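Engineer: Which chain is which? The protein sequence lines are A and B, in order.
Under my numbering, residues 2 to 116 are what the first sequence spells out, in order.
Under my numbering, residues 78 to 191 are what the second sequence spells out, in order.
The structure is given below, and queries will be raised subsequently.
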Amino acid sequence: AQSVTQLDSQVPVFEEAPVELRCNYSSSVSVYLFWYVQYPNQGLQLLLKYLSGSTLVESINGFEAEFNKSQTSFHLRKPSVHISDTAEYFCAVSPMHSGTYKYIFGTGTRLKVLA
Amino acid sequence: DAGVIQSPRHEVTEMGQEVTLRCKPISGHNSLFWYRQTMMRGLELLIYFNNNVPIDDSGMPEDRFSAKMPNASFSTLKIQPSEPRDSAVYFCASSSGTGNTEAFFGQGTRLTVV
Numbered sequence: 002a003q004s005v006t007q008l009d010s011q012v013p014v015f016e017e018a019p020v021e022l023r024c025n026y027s028s029s030v031s032v033y034l035f036w037y038v039q040y041p042n043q044g045l046q047l048l049l050k051y052l053s054g055s056t057l058v059e060s061i062n063g064f065e066a067e068f069n070k071s072q073t074s075f076h077l078r079k080p081s082v083h084i085s086d087t088a089e090y091f092c093a094v095s096p097m098h099s100g101t102y103k104y105i106f107g108t109g110t111r112l113k114v115l116a
Numbered sequence: 078d079a080g081v082i083q084s085p086r087h088e089v090t091e092m093g094q095e096v097t098l099r100c101k102p103i104s105g106h107n108s109l110f111w112y113r114q115t116m117m118r119g120l121e122l123l124i125y126f127n128n129n130v131p132i133d134d135s136g137m138p139e140d141r142f143s144a145k146m147p148n149a150s151f152s153t154l155k156i157q158p159s160e161p162r163d164s165a166v167y168f169c170a171s172s173s174g175t176g177n178t179e180a181f182f183g184q185g186t187r188l189t190v191v
């Protein structure tokens with residue numbers, strides 16, 4: 002079985018400051034890793050994903066995440082946030098080679114960017 | 078493609094009534110997921126289908142909940158009878174079912190049971 006832990010339920014940060022949203026997972030098998038973003042009253046949208054290869058993955062809007070296998074982490078970072086980044090962010094895993102594919106989500110982190 | 082389409086967007090119903098939520102997945106996707114989102118429990122996987130067959134329904138809270146996928150382009154989640162604690166946002170998502178591609182989410186149905 003898999004589980005995802007996002008320890009920070011809310012993260013306030015000032016505009017143009019850096020931010021890190023933490024994600025740790027537990028799994029008995031290798032997993033694919035995802036970060037999703039949810040804006041108010043909308044569904045979840047994919048932000049970035051790690052499948053294999055380079056452990057650092059980037060999104061088109063300046064976010065990046067690094068897969069750390071030894072620490073079973075996939076933290077999300079942005080060097081300089083904007084007001085428009087205010088949203089809820091979800092980390093998710095999907096087991097590899099399981100034959101059945103499902104996505105297990107963390108409880109989410111609300112990022113509040115302050116002017 | 079229009080993406081995953083859910084209906085209705087909002088539903089208000091009285092306790093004890095039957096509620097049916099609907100989902101049309103992205104054409105060509107063979108996996109479909111129903112999630113429930115609440116402040117207390119976050120995003121919970123209720124059930125998922127692969128090629129129209131239910132694979133894992135262990136997240137369905139109780140017998141009042143049922144889900145069907147009669148064909149590749151339609152799924153329903155039914156609650157009968159509904160209770161106030163069922164109030165939540167219900168999301169449907171679909172994927173190509175290979176695990177290394179993302180799930181695409183609908184806009185959700187906000188259910189309020191009074």
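In this text, a Cβ means the ideal position worked out from N, Cα and C, and glycines have one as well.
Keep in mind that this is a model prediction, so the values were computed, not measured.
Beta carbons nearer than 7 Å to chain B: which residues of the stretch 26–43 of chain A have them?
Structural biologist: Per Cβ criterion, the list reads 33, 35, 43.
Engineer: Using DSSP with H/G/I as helix, E/B as strand and the rest coil, what is residue 84(A)?
Structural biologist: Along the first sequence, one-based indexing puts residue 84(A) at 83. Residue 84(A) falls in the helix class under three-state DSSP.
Engineer: In terms of alpha-carbon separation, which member of 147(B), 149(B), 81(B) lies closest to residue 46(A)?
Structural biologist: The residue labelled residue 46(A) in the question sits at position 45 within the first sequence. The shortest C-alpha separation from residue 46(A) is found at 81(B).
Engineer: Whose Cβ in chain A lies nearer than 7 Å to the Cβ of residue 171(B)?
Structural biologist: Against the second sequence, residue 171(B) aligns to sequence position 94. Those do not exist, as residue 171(B) stays about 11 Å from chain A at its closest Cβ, beyond 7 Å.
Engineer: Got a sec: which bits of the stretch 115–148 of chain B sit with their beta carbon under 7 Å from any beta carbon on chain A, in order along the chain?
Structural biologist: So the close ones are 119, 120, 122, 125, 127, 132, 133.
Engineer: Is the beta carbon of residue 142(B) less than 9 Å from the beta carbon of residue 126(B)?
Structural biologist: By 1-based counting over the second sequence, the position of residue 142(B) is 65. By 1-based counting over the second sequence, the position of residue 126(B) is 49. Against a cut-off of 9 Å, the Cβ pair of residue 126(B) and residue 142(B) comes out as no contact.
Engineer: Between the stretch 151–160 of chain B and the stretch 105–125 of chain B, do at least 3 Cβ pairs fall closer than 8 Å?
Structural biologist: Contact between the stretch 151–160 of chain B and the stretch 105–125 of chain B is present, because at least three Cβ pairs lie under 8 Å.
Engineer: Does the beta-carbon distance from residue 27(B) to residue 83(B) come in below 9 Å?
Structural biologist: As displayed, chain B neither begins before 78 nor continues past 191, which places residue 27(B) out of reach and without an answer.
Engineer: Measure the C-alpha to C-alpha separation of residue 105(A) and residue 66(A) and round it to an integer number of angstroms.
Structural biologist: Here residue 105(A) refers to the residue found at position 104 when the first sequence is read from its first residue. Here residue 66(A) refers to the residue found at position 65 when the first sequence is read from its first residue. Whole-angstrom Cα-Cα distance: 18 Å.
Engineer: Quick check: the Cα distance between residue 102(B) and residue 172(B), rounded to an integer number of angstroms?
Structural biologist: As a working note, residue 102(B) is residue 25 in the second sequence. As a working note, residue 172(B) is residue 95 in the second sequence. Residue 102(B) and residue 172(B): Cα-Cα distance of roughly 8 Å.
Engineer: To the nearest angstrom, report how far apart residue 96(A) and residue 2(A) are at their CA atoms.
Structural biologist: Residue 96(A) sits at position 95 when you count from the first residue of the first sequence. Residue 2(A) sits at position 1 when you count from the first residue of the first sequence. Roughly 9 Å between the two C-alpha positions.
Engineer: Tell me, which residues are paired with residue 87(B) by DSSP?
Structural biologist: On the second sequence, residue 87(B) is found 10 positions in, with the first residue counted as 1. BP columns for residue 87(B) point to 187(B).
Engineer: Please classify residue 77(A) as buried or exposed, where buried requires at least 16 other C-beta atoms within 10 Å of its C-beta.
Structural biologist: Position 76 of the first sequence holds residue 77(A). Under this definition residue 77(A) is a buried residue.
Engineer: Anyone know if the C-beta pair for residue 82(A) and residue 57(A) falls short of 9 Å?
Structural biologist: The residue labelled residue 82(A) in the question sits at position 81 within the first sequence. The residue labelled residue 57(A) in the question sits at position 56 within the first sequence. No.
Engineer: Under 9 Å between C-beta atoms, does residue 103(A) make it to chain B?
Structural biologist: Here residue 103(A) refers to the residue found at position 102 when the first sequence is read from its first residue. Yes, residue 103(A) counts as interfacial toward chain B.
Engineer: By Cβ distance, which residues of its chain are closer than 7 Å to residue 85(B), with the 5 residues on each side in sequence left out?
Structural biologist: On the second sequence, position 8 is the one that residue 85(B) refers to. 186, listed in sequence order.
Engineer: Within 9 Å (strictly less), CB to CB, does residue 70(A) reach chain B?
Structural biologist: Position 69 of the first sequence, counted from the first residue, corresponds to residue 70(A). With 9 Å as the cut-off, residue 70(A) does not count as an interface residue toward chain B.
Engineer: Put residue 133(B) into one of helix, strand or coil per three-state DSSP.
Structural biologist: Translated into positions along the second sequence, residue 133(B) becomes position 56. Here residue 133(B) sits in strand by DSSP.
Engineer: Take the Cβ of residue 124(B) as the centre, count every other Cβ of all protein chains shown within 10 Å, and call the residue buried at 16 or more, exposed below.
Structural biologist: Looking up residue 124(B) in the second sequence gives position 47. Residue 124(B) is buried by the Cβ-count criterion.
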